[in-house]
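To start, the structure under review is shown below, and the notes come after it.
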Amino acid sequence: MALSSKLLFGWRNVLAHMTLSSSIAAETLHPLANIVNQTKRRPARWDMTGETTLTITGTTSELEAITAIMIKGHNLASDATVRFRVYAEESQGGAVLYDSDDVDGADVIYTIRPWGEMIAGVDPWGSYYDPDSRLDKVYCQALETVQGKSIRIDLTVPSPVAGFVELDKVAVFFGWTPKHNFDWGSSFATRNFTEQTETVSGGVWAAARPTIRTMDLDFGLMEDQERNRFMGILDQSGMSNDVYVIPDPNAVGYAKFLGASIYRRQNDAGYELVMFDGSAMSASLREN
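By my numbering, the letter at position 198 of the sequence shown is numbered 214, and the numbering carries on one by one without gaps.
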């Protein structure tokens, strides 16, 4: 079944409720548990000396609904690949409910620049957005929701950057999809915190700062039931917890690269009654 092109909005990282392990011991100062820590730039790190594969597993006794995986703030090179599996039983037992190897292109770690978005004679065929960007590198893969008790993430890393693998955040989550998608006019942008000062000579001096993704989503029609669901999600996640957003699971190219990431909500949770059984809502999100 084809995936819907509507928004996926997650607010609960299943990995935070699983027992995690990795095939290679993480560094003491950068432990495995850091992949579910919601503080930006507190990564987990593995020394890959003599190694080209890294496996991360998670298990729980409870069934968990899973719609997507997201790896944010990684240092993987373009030749690295990802394989993600969901299992029906604990400790990678029982039926395999999802295997990303069955999905063409799901193993590619970077967002590939499509032919139609390339500049003839400038962009090389097969290039990527991520290596040339100041934005955090984000890998994501959506799937039809399954309910399982364990997961496995296999990273194949032929060329470890600086000899190690670093992952800032990893999320496996259920993604809620509204009945009516966000409106035309919703905005997606990058926010650059670089400071600029005019010099005596008339030039511009700049102190480079991080660049982050932002999005402002407007929902012109939320039927009462959908509105109440979304209000409940916003209440549970609050403004101090991460949310996991994929604007369009079928997006390719720059649209995919710019949108999907881990965010924090910045605006109040609320709605405006616009008609019987109809409300307008919005979500202002800043990358974390």
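Heads up, the beta-carbon is just placed ideally off N, CA and C, and yes, glycines get one too. Model, not experiment: these values are computed from the prediction.
As assigned by DSSP and simplified to three states, the class of residue i
i, result
"tryptophan 131", "helix"
"phenylalanine 9", "The first residue shown for the chain is 17 and the last is 304, placing residue 9 beyond what the model contains."
"leucine 250", "helix"
"aspartate 199", "coil"
"glutamate 242", "helix"
"serine 166", "strand"
"serine 116", "helix"
"asparagine 208", "strand"
"glutamate 214", "strand"
"aspartate 95", "coil"
"glycine 236", "strand"
"glutamine 157", "strand"
"valine 30", "helix"
Pair within 9 Å by beta-carbon distance, residue i and residue j
i, j, result
"glutamine 108", "serine 166", "yes"
"arginine 229", "serine 253", "no"
"valine 186", "methionine 86", "yes"
"alanine 222", "glutamate 211", "yes"
"tyrosine 279", "aspartate 293", "no"
"arginine 150", "proline 226", "yes"
"isoleucine 249", "tryptophan 27", "yes"
"histidine 90", "leucine 183", "yes"
Proximal residues to residue i (C-beta, below 6 Å), its chain only, five neighbours per side dropped
i, result
"lysine 56", "Asn304"
"alanine 296", "Gly236, Glu288, Val290"
"valine 162", "Ile82, Val102, Leu113, Tyr114"
"threonine 71", "Ser39, Asp170"
"arginine 168", "Thr73, Arg101, Gln108"
CB-CB length for residue i against residue j, believed under 8 Å
i, j, result
"arginine 99", "aspartate 118", "At roughly 10 Å, the Cβ-Cβ gap does not stay under 8 Å, so arginine 99 and aspartate 118 are not in contact."
"valine 177", "alanine 276", "Not a contact, Cβ separation roughly 22 Å."
"tyrosine 126", "serine 94", "5 Å"
"leucine 23", "proline 263", "6 Å"
"phenylalanine 198", "aspartate 234", "6 Å"
Beta-carbon contacts of residue i that lie in its chain and below 7 Å, excluding the five residues immediately before and after
i, result
"asparagine 50", "Arg58, Pro59, Ala60"
"alanine 32", "Val52"
"arginine 129", "Asp139, Ser143, Tyr144, Tyr145, Gly269"
Cβ shell of residue i (< 8 Å), same chain only, five flanking positions each side left out
i, result
"serine 77", "Glu106, Lys165"
"methionine 64", "Ile40, Leu70, Val173, Pro176, Gly179, Phe180, Val181"
Contact test: residue i Cβ vs the ligand ADP heavy atom, cutoff 8 Å
i, result
"valine 216", "By its list of ligands, the structure shown contains no ligand whatsoever, and the ligand ADP lies outside what it can speak to."
Exercise for the section: Could you tell me whether the segment 211 to 223 touches the segment 136 to 148, where touching means 3 or more Cβ pairs closer than 8 Å? Expected result: Output reads no: the segment 136 to 148 does not touch the segment 211 to 223.
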